[in-house]
Structure formats: structure tokens, C-alpha cells
Amino acid sequence: MFLIRQIFPRPVVGDIPFRIKEELGRIRFERRINPGDSIAITAGSRGIANMPLIIKSLVGELKSIGAHPFIIPAMGSHGGATAEGQKAVLEDYGITEENIGAPIRSSMDVLKVGQLPDGSPVYIDKLAAEADGIVVLNRIKPHTDFVGRIGSGLMKMMAIGLGKKKGAELYHRTFFKYGFEKTIRWAAREVLRNCKVKFGIGIIENAYEETADIVALLPEEIEESEEKLFAKAKELSGKLPFEDLDVLIVDKMGKDISGTGMDTNVIGRMMQNFEPEPEKPDILRIVVLDLTDRSHGNAVGMGLADFTTARLVGKIDRRATYTNSITSLGPQKSRIPVYLDTDKEAIEAAFATVGIREPRECRAVHIRSTLHLHLVEISEPLLEEAKGREDLRIISGPEPLKFDENGNLISKLAMLDSGSTAI
2 MFLIRQIFPR PVVGDIPFRI KEELGRIRFE RRINPGDSIA ITAGSRGIAN
52 MPLIIKSLVG ELKSIGAHPF IIPAMGSHGG ATAEGQKAVL EDYGITEENI
102 GAPIRSSMDV LKVGQLPDGS PVYIDKLAAE ADGIVVLNRI KPHTDFVGRI
152 GSGLMKMMAI GLGKKKGAEL YHRTFFKYGF EKTIRWAARE VLRNCKVKFG
202 IGIIENAYEE TADIVALLPE EIEESEEKLF AKAKELSGKL PFEDLDVLIV
252 DKMGKDISGT GMDTNVIGRM MQNFEPEPEK PDILRIVVLD LTDRSHGNAV
302 GMGLADFTTA RLVGKIDRRA TYTNSITSLG PQKSRIPVYL DTDKEAIEAA
352 FATVGIREPR ECRAVHIRST LHLHLVEISE PLLEEAKGRE DLRIISGPEP
402 LKFDENGNLI SKLAMLDSGS TAI
């Protein structure tokens, strides 16, 4: 395999506390919040770069005008769909009262705040509904279950994140009839219309897991502005260096990497009942070797792979996985793939099932995860294509994949990529 570096656009917010202060000043946030107001800030289940610092900075600004901010886990059915489990997810990301200067208030109770055009109720977290105001905070990026003009962001946070398990179950059923994007927009509009949303904070990341932009949005701006921010986020998203592959080797998957464990936009597999499969990338065999610790046993998305390992299967928390997959009406993505005792056996099985090609002839790529794409390994049949690309740099190789005495992959990518978030 040859080690290569992908060159992606790399805008970065250098001073996050200053950017938060600047953006809040731009929208005159102090005119929307009174001293003494209780303000609920949403925090989701994804691994967002600099999230503790972003929340801490926001909390500090709210306190400076006399408000009383608190954090609510806004993650649908994630965290095992329990208040304790959702709080634990945030704590694992460093979002604790000690770190961010505000209490975490976790509950699965919801209140009805509106209804969809078909009469279905719209729910949000009871603590958020009863607060004097809500700040909707989330990363904006392409979604793994649908393709549209918005994806995962503030609108989805208001609909599914704040909707907790009860709202998430309802909306996922509605998706079958009306589609994902339409349902999200309907539900979020009801929240904006009937709840005390003071403003939103949209975060965009680059392909290096760095904060590329932070934007404050007034409630009336959120829907239209999110479309523009979503387009920017798509441009900055990481992708595989090649679209047609025989084998893709993925070191780790997990909920902290993507809602589907592996980003469907990266691997070209969606397995969604109400959305067509992407035409590209086109990958014949996918093998995923392990589950991140921060996924807490939630292995939703393992069904997107063809092969996996006994190590990954041994980490599965069936309750967390099945609660999430049933709530999202995607049980097919939680099917356990063919699993082998070791990484070596799983990888060999993938190469053995591509057809008439010999392993050395296969177009193969090895990645750390679908979130870590700037350093990847490619097989020799891809080398000539790589040499002609300005966005690719060949660093070293060729070297065979190396395994330890237990047959598990010694991943060069994990060792070289130490500057990124640990998975």
C-alpha cells in the first residue's frame, strides 16, 4: 500500500471565544434575553470539534448579560434513549458542568408544541419548552440518510434532537410518506413558531476536523441561512480519493464519527427505505474492523459493511443499537455483517470476494474512519491515477499491511494521525 495525503480546503476559526462574542454582538443577542432568563442550550451526540470550548464561550456570554444557561442533551433516541445515557454521552465529550460552567439537565420528557400538516404532533424536550429561551446549537453538514438542500444542522436539531425518543420515532415514521427533508422542515418551523428560540449557532467543520466557521442566526434567518451554510459545509467535507473501488478497509466506525457509524456520503451506501442509493462512490466490498469507545456499544451502521471482526461484534450493546435502529426505522443498517476472528481474516475475505481479480490487482483504499480522510493508504493499481492529481501527495510506499501476533492490523494511519481527535 502507498501512503498518500489528500489536500482539502482548510479555513479555520483561530479564536473561538472571540468569534462567539463577535457573532453574538452582530445579532444583538442581549436585546432578546432578559437578566434572570433561563436559557436551554442544545448539545447533540456527535463528536464536534472544540465543542466544550464553543459551549463554554456561549455560556460565558449569556452569563455576562445576567442569563442562567443550562445544557440539554438534544439527541433523539441516542444514549440508549435514557436521561442518564444521554448525559453520559455529553460527559464523554468533556461537556460537564465543571468544564463549561453550566449545569447539564437531562430528561426524556417532552411536551407537544405544535403539529405537522397531517395532524401529527410536534414534541420538544420539556425542560427546553419550559425555559425562558432556547439556543439551538449544532454542526451543519450533509446528512447520512437523505440528500437535500439541508442536512444535519439546526433544523434537524429542533425537530429530532429536541424531540427526544418520542419525537424521533414519530418523525421517522413520517419520513416514509413525506420524505426526510420535508418532515424536518415542517417540525422545525413549528418549533420556531411556537417556542422561545432566541437564536441559533451553526458550526461548520473542514475535512481536518477543525472548526471552519461559527455563525449566529436569528430565528427568522435559520431556515434560509442554513441552506447556504449547508452548501459551504458540503464543499469542505472530506471524501475518498477515488470513486470506484474493489475494497475499502475502515479501521473504526462509531456514533461519534457519524450517525450511521460510517458516513454514507463517503462510502456511497445509504440503505434507506425512502431514499435512492448514491451512484458514487461505487465500492464492491467494505470491511470495518472496530467500534469506537465513544460509541458506547452503539453499532448502528455496521450493516453498511460486508465484513467485520469478532472484536467489533463483541463490543455491541444490543439495547443501544436496536433502540436507535428501530427508532430510526433502519434495522437493515444494524444487521451484523459476516464477521471473522481477526482483522487479517476479515480483510482477506473482502479481497477474496471481489471476483476474478487477484488481490494485488484490486483497487483498494485503507482509511482510519470516514471522518479521517486526509491520510489514507491506496493499493498499487491506483498509483498512476494518484500521480496525476494535484489534490493528492504520495508520501511513501509501497508497504504491505502489517498485523500483530493476534492477526489484528497495525494501522499506520492511527499512528501518523495523532494530531486528530482520538478514536
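Numbering (the working numbering), first residue to last: 2 to 424. For each residue, glycine too, the CB sits at the ideal point set by N, CA and C.
Within the same chain, 143 come within 7 Å of residue 235 by CB-CB distance, once the 5 residues on both sides are set aside. Residue 333 sits exposed, since fewer than 16 C-beta atoms from the chains shown fall within 10 Å of its C-beta. Rounded to the nearest whole angstrom, the C-alpha separation of residue 290 and residue 303 is 10 Å. DSSP, read as helix, strand or coil, puts residue 351 in helix.
Contact between the region 42 to 57 and the region 96 to 108 is present: 3 or more CB-CB pairs across the two stretches fall below 8 Å. Three or more Cβ pairs drawn from the region 31 to 49 and the region 57 to 66 lie within less than 8 Å of each other, which places the two stretches in contact. At a cut-off of 3 residues, the continuous stretches assigned as beta strand (DSSP E) that sit fully inside the region 23 to 74 are 39 to 44, 69 to 74. Taking C-beta atoms under 8 Å as the contact rule, residue 108 and residue 91 fail to qualify, at a distance of about 13 Å. Annotation: the continuous alpha helix (DSSP H) that includes residue 173 extends over 165 to 179.
A residue is called buried once 16 or more other Cβ atoms fall within 10 Å of its Cβ, and residue 416, having fewer, is exposed.
Excluding the 5 residues flanking it on each side, residue 193 has same chain C-beta neighbours closer than 6 Å at 220, in chain order.
Counting along the chain, no alpha helix (DSSP H) covers residue 343, and no H or E run does either. Going by DSSP, residue 206 is part of the beta strand (DSSP E) stretching over 198 to 206. When only Cα atoms are considered, residue 71 and residue 190 end up about 23 Å apart. Three or more Cβ pairs closer than 8 Å define a contact, and the region 280 to 299 meets that threshold against the region 252 to 268. In the DSSP assignment, residue 288 is bridged to 250, 308. The continuous alpha helix (DSSP H) containing residue 86 extends over residues 84 to 93. Residues 166, 324 of the same chain have their beta carbon placed closer than 6 Å to that of residue 82, with the five preceding and five following residues left out of the count. Closest in C-alpha terms to residue 138, from the list 240, 17, 154, comes 154. Around the C-beta of residue 207, 16 or more other C-beta atoms lie within 10 Å, and the residue is accordingly described as buried.
When the beta-carbon positions are compared, residue 264 and residue 371 come within less than 7 Å of each other. Distance from the Cα of residue 21 is smallest, within the candidate group 394, 328, 216, for 216. In this structure the region 291 to 301 touches the region 255 to 263; the number of beta carbon pairs closer than 8 Å is three or more.
Nearest Cα to residue 169 within the set 77, 244, 404, 25: 77.
Taking all protein chains shown into account, residue 231 has 16 or more neighbouring C-beta atoms within 10 Å of its C-beta and is therefore buried.
Contact between residue 179 and residue 160 does not hold, since their C-beta atoms are separated by about 12 Å, which reaches or exceeds 8 Å.
The three-state secondary structure of residue 407, taken from DSSP, is coil.
The shortest CA-to-CA distance from residue 396 to any of 384, 405, 406 is the one to 384. For residue 323, the uninterrupted alpha helix (DSSP H) segment begins and ends at 319 to 328. Distance between residue 28 and residue 368, taken at the CA atoms: about 41 Å. In chain order, 247, 248, 285, 286, 363 place their CB closer than 8 Å to the CB of residue 355, counting only its own chain and leaving out the 5 sequence neighbours on each side. Excluding residues up to 5 positions away in sequence, 304 lie with their Cβ nearer than 6 Å to the Cβ of residue 336 in the same chain. Between residue 214 and residue 205, the CB-CB gap stays under 7 Å. Counted as a single uninterrupted DSSP element, the stretch harbouring residue 231 is not any beta strand (DSSP E) but the alpha helix (DSSP H) occupying residues 223 to 237. By the neighbour-count definition (other C-beta atoms within 10 Å, threshold 16), residue 50 is a buried residue. In the structure shown, residue 161 adopts helical secondary structure according to DSSP, grouped into three states.
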